[in-house]
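Working notes, structure below.
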Amino acid sequence: MSVAEKFIQQLVVFDIFVMLSVNCGVVFSSGVGDGKIKCLETEREALLSFKRELLDIHGRFLLGKMKDLIKIVADGEVLDVRGPSGHNASVAIAPLIGKISPALQELKQLKYLDVSYNQISGGIPDFLGSLSKLEYLNLSCVGDDFTTIPPNLGNLSSLTTLDLSCNGFLSVNNLEWISRLHQLRYLAIGYVNLSKVTDLLEAVFELPFLQVLSLPGSKLPDVVPVVFPSSNSSMSLSTLDLSSNNLSTSVYTWLFNFSNLTHLDLSGNALYGLIPDAFWNMKSLQHLDLSRNALGGGFPRCLGNSSNLKFLRLSSNNLDGQLPEIMKNMSCMSDSLEYLNLEENHIGGSLTDIVANFSSLRELRLGRNKLNESIPKVVGKLPSLGILDLSWNKIVGSVPDLFLLSSLRELHLSHNQLTGLTESTGRLSKLEKLYLDFNQLEGTISEAHLFKLSQLRELDLSYNAQLHIRVSSDWIPPFQLDLIHLTHCKLGPQFPNWLQTQNNISELDFSASGISGDIPSWFWDQLPGLSFLNLSYNDMGGNVPDLSRKMSDLLCIDLATNKFSGPVLKLPISLVTIDLSSNMFTGTISFICDNFDNLGYLDLSDNRLSGELPHGWTLRSIVHLNLGNNNFFGKIPNSIGSLQTMGMLHLQNNHLIGELPRSLSNCKKLRVIDVGSNNLSGETPAWIGNNISDIIIVILKSNRFSGSIPSSICQLMKLQILDLSENKISGTIPKCINNLTAMTEEESTMQQIKSWYFQVDDEGDVTINASYDESAVLMWKGRQFEYSSILGMVRSIDLSSNNLVGEIPVGITSLVGLHGLNLSRNNLTGSIPLRIGQMRVLNFLDLNRNDLSGEIPAGLSQLSHLGVLNLSYNNFSGRIPLGEQLLTFNKRSYIGNHGLCGYPLIEACFVEEQPQDPTLSDEDTFITAEFFISMGIGFLSAFLVVSALILNRRWTYGPIRYLEFN
């Protein structure tokens, strides 16, 4: 059937259903079988008015059946128009937009009303309080217009269910009216600001039949009721959700009086201290969630059979102690507990034999703790266990024989220190997820480790550098994988032939796995549903075909650091990440003019690409753009300024000419700009400082920029790296340079410079949320280094090889966080600022080939981190300061300064002749040169006499004593 035919069929279905529903020709109800007309004329008009007020601009009426929009059951008792994110989220429909028509009050028999997850304007209508038969009312997640709650909702005396959740703009000052809803069983006001409500508990306590109270994320005040409810009030409460509020331990004073609770959620609060023993006295409790708090200390011991808990989550707290003791304290629930989550605590020790007593366990999550030792074999004696998570610990040894875990579906052992894997893993026939990444596994994974894993969907063995994957070339796996990560494993050198049997893979990561040679042509046609592909850091080659149709669902492709060649053909426009860097691709990049609306990361650096940069830039989501180290020529087009989401721009090492486009000033989010090593000209752009306040790295080196350094540079409070070297810049260094705030802090606030990019689907959900570490190539100590993982810690200024004049600003010594300062090969005059000694973290200082003069400040010897110093070819004079750090430099640091003396130069420093004191009398003039000669002869004679006495053993002690004591 064609698309047009389906469309027409849907229209027919829609029209027929509207006619049946609205005209009430047929009533869909199990209680009405005669098909008689039941609707009144007023009700029919009310439904038509209701429909007219709700706009369906996304075509929901055409894509689904009318009954998914409106259901009229038994004389209009039920009206359900839930949006796509409600209970019917699987239905591919769009939310309705509009108001709730006042005509709805004509439906006198209405018992069920659900308009949740739509975009409803006009607020909560007052007339809803007149629907006296209403038993179910759901107004959750309906839009920003719902700001107040009409108190007359308290008139709905028949109401059993009320849901007002997820209306963030709802302003609630009192909830006294809730106390009048005596039939209420279910009340949900989650993710609504209730911080000003002080009568909530009193109102709730007046509801005798209330069973479920859901108040997550509602900024509840930390209040304690004055009088606890009487026995005939809401003591029937069985489910209480107070998660994601800021409640402290004062909540305990009234909480433990609810003895009938079966489900209690206090996660995401501010609970602290020890876990109260009183939780074990709540004998009906089956579900307890205390995660994401600040609970600490050990684990309370429960006695006898006081607990019927099936679900216990205590993750993300400060619990400590040894796991064996904790499991022993929980022995009272060994027969009931099915779910145990102690992730993200400080629990040490090892898995204990006691765990075998918890035979009902279905999920055991102990990740992100301090467990050590090995995994005991007793873990294999939990027949009901479906999920075992021990990741992010320090567990050693081999993975034990687990084949008795016949129900195991997920095994998470990532980020440990495991060294071995037995073949018994291959017999876990129900296993769906196997994560062993970031361990120290050695040896070989063969077919025997995988031969019965017919249900396996996700396999991650990444970052086990000594693990070999060896299977026969004709092996047919028993599974169909969705995800496979073998990063940093020894998978190569041949491309795995068994991949031909896999048809459902969505994520494939073979990076740094030792594969070489051309990728077989069948691979590009094999995985049409692939969304993530990473083959980087291998030795693969060949041409990449047109993937725009072969892999139309692809979101991320990383082929970096290989030997791929040929032109870059069309790629799927769905891509969010493209990294083809460090290959041998040739030709132009015209493909980038396609509508890559979601592309956030594009790296084509270190290739052989050429041509002019495109003029039609449409990358409206781009964050990182790297075209460096290619052969692009011509001017940088003005249209590049339209990339207003761009944070990183790399165009270095090309053949670009002309000025840096002023349109880049529109890119307010720029944090890194590197256009070094081109043929760009014009004045140093002042707009960098005037328009872009968040920039961290500015590299304009090795171009032909002229003019002076604009004072606007001083406005860049976040600037950490400034490189204007090897240009034709003249003038003076701005005196305001001390305003570069980020360089005035000795300790860096970040190690990496990270940027995030993400993709949002049509429903507003984030489908990809990725980050990357920015990198930059800097000249350091005379050599080029690429910084990435520690780039955020580097702070340097390089203004070398220009035509700068004037003195070094005194304020530059305020940049005490500076690691590198290069002002060499200019025409600077004056002296080195005396306070240079306060730049304590300075590691690299180069002032060579200027016209600097005066003495070298003694404070220079205080720079204990100084690793490179070059003051050569200036006009410095006087003694080189003494100091332990300066003694490590050789004469090359000082040559070309004819007035300098002292170590390490061969020129010695003579004692300067003191000027004669004018107060001396004539009698003092006998101190002449002859006097000094005579005095020297006297000292020499005395020295010879003493030496002779010392060499004569018989005379040694007596004369020396005489000399010492007389």
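Heads up, the sequence shown is in our numbering, so the first residue is 1 and it goes up one at a time.
Each residue gets a CB set at the ideal place from its N, CA and C atoms; glycine is no exception.
For a test of your reading of the model: does the CB of SER574 fall under 7 Å from any non-hydrogen atom of the ligand SAM? Yes or no.
Absence of the ligand SAM from the depicted structure is noted, as is the absence of any ligand whatsoever, leaving it without description.
Tell me whether CYS736 sits in a helix, a strand or coil according to DSSP, three-state version.
helix
For LEU569 and ILE395, I'd like the C-alpha separation in whole angstroms.
47 Å
On a Cα-Cα basis, can you pick out the residue from VAL672, ASN666, GLY676, ARG892 that is closest to ASN690?
Selection VAL672, ASN666, GLY676, ARG892 evaluated against ASN690 yields ASN666 as nearest (Cα-Cα).
When the distance is taken between beta carbons, is ILE189 closer than 8 Å to LEU215?
yes
Bridge partners for GLU507 per DSSP, in chain order?
LEU483, PHE532
Whole angstroms are fine: how far does the CA of SER708 sit from the CA of PRO809?
15 Å
Straight-line gap, LEU104 to LEU54 (C-alpha atoms, nearest Å):
For the pair LEU104 and LEU54, the Cα-to-Cα distance works out to about 13 Å.
Going by other Cβ atoms of all chains shown within 10 Å of its Cβ, with 16 needed for buried, is ASN369 buried or exposed?
buried
Suppose the cutoff is 6 Å on Cβ atoms and the five residues either side in sequence are ignored; what does the same chain contact list for ASP674 look like?
HIS650, GLN652, ILE699
Taking only three categories from DSSP, how would you classify GLY616?
coil
Taking all protein chains shown into account, do 16 or more other C-beta atoms lie within 10 angstroms of the C-beta of PHE169, making it buried, or fewer, making it exposed?
exposed
Could you pull out every residue in the same chain whose Cβ sits closer than 6 Å to the Cβ of ASN843, ignoring the five residues on either side in sequence?
HIS819, HIS865, GLY867
Note the first and the last residue of the continuous beta strand (DSSP E) segment covering ALA188.
ALA188: member of the beta strand (DSSP E) spanning 186-188, first to last residue.
Mind listing, in chain order, the continuous beta strand (DSSP E) runs of no fewer than 3 residues lying wholly within the region 87-161?
For the region 87-161, whole beta strand (DSSP E) runs of length 3 or above, ordered along the chain, are 112-114, 136-138.
So, under 8 Å CB-CB, ASN439 and LEU418 are touching, yes? Tell me the CB distance rounded to an integer number of Å.
4 Å
Among GLN286, LEU823, ARG409, nearest to ASN727 - alpha-carbon criterion
LEU823
Spatial distance of LEU724 from ALA908 (CA atoms)
38 Å
If we count Cβ pairs, one from each stretch, closer than 8 Å, do we get three or more for the region 484-494 versus the region 463-471?
yes
Which residue marks the beginning of the alpha helix (DSSP H) containing LYS51, and which one marks its end?
41-52
Which of helix, strand or coil does DSSP assign to VAL355?
helix
Note down the Cα distance separating GLY296 from ASN318, rounded to an integer number of angstroms.
4 Å
What do you reckon, are the CB atoms on ILE696 and GLN720 nearer than 8 Å?
yes
Nearest-angstrom Cα distance between ARG52 and ASN118?
15 Å
Measuring alpha carbon to alpha carbon, tell me which residue in GLY517, GLU855, ASN538, SER521 is nearest ASP509.
Put simply, of GLY517, GLU855, ASN538, SER521 the residue whose alpha carbon is nearest the alpha carbon of ASP509 is ASN538.
In chain order, what residues of the same chain lie with their CB nearer than 6 Å to the CB of SER307, ignoring the 5 residues before and after it?
TRP280, CYS332, MET333
Reducing DSSP to helix, strand and coil, say where HIS819 ends up.
coil
Assuming LEU314 and SER291 form a contact by the criterion Cβ under 8 Å, report the distance between their Cβ atoms to the nearest whole angstrom.
At roughly 6 Å, the Cβ-Cβ gap stays under 8 Å, so LEU314 and SER291 are in contact.
Just to confirm before moving on: does the CB-CB distance between SER218 and LEU194 stay below 8 Å?
In contact: SER218 and LEU194 (Cβ atoms closer than 8 Å).
Less than 8 Å between CB atoms is the rule here; does SER243 satisfy it with respect to chain C?
Here there is only one protein chain, and chain C is not present.
According to DSSP, what are the bridge partners of GLN526?
In the DSSP output, where bridge partners are listed per residue, GLN526 has none listed.
Cutting at 6 Å between CB atoms, please list the residues of its own chain near ASP311, excluding the five before and the five after it.
It should be pointed out that residue 311 corresponds to Phe in this sequence rather than to Asp. If we look at PHE311 and ignore the five residues flanking it on each side, its Cβ neighbours are HIS287, TYR339.
Assign ILE657 to one of three DSSP states: helix, strand, or coil.
strand
Using DSSP with H/G/I as helix, E/B as strand and the rest coil, what is PRO324?
helix
Please work out which residues of its chain come closer than 8 Å, Cβ to Cβ, to LEU575, disregarding the five sequence neighbours upstream and downstream, and give them in chain order.
LEU554, LEU555, CYS556, ILE557, PHE596, ASN598, LEU599
Go through its chain and collect everything with a Cβ distance to ASP603's Cβ below 6 Å, but skip five positions before and after it.
ASP579, SER581, ASN626
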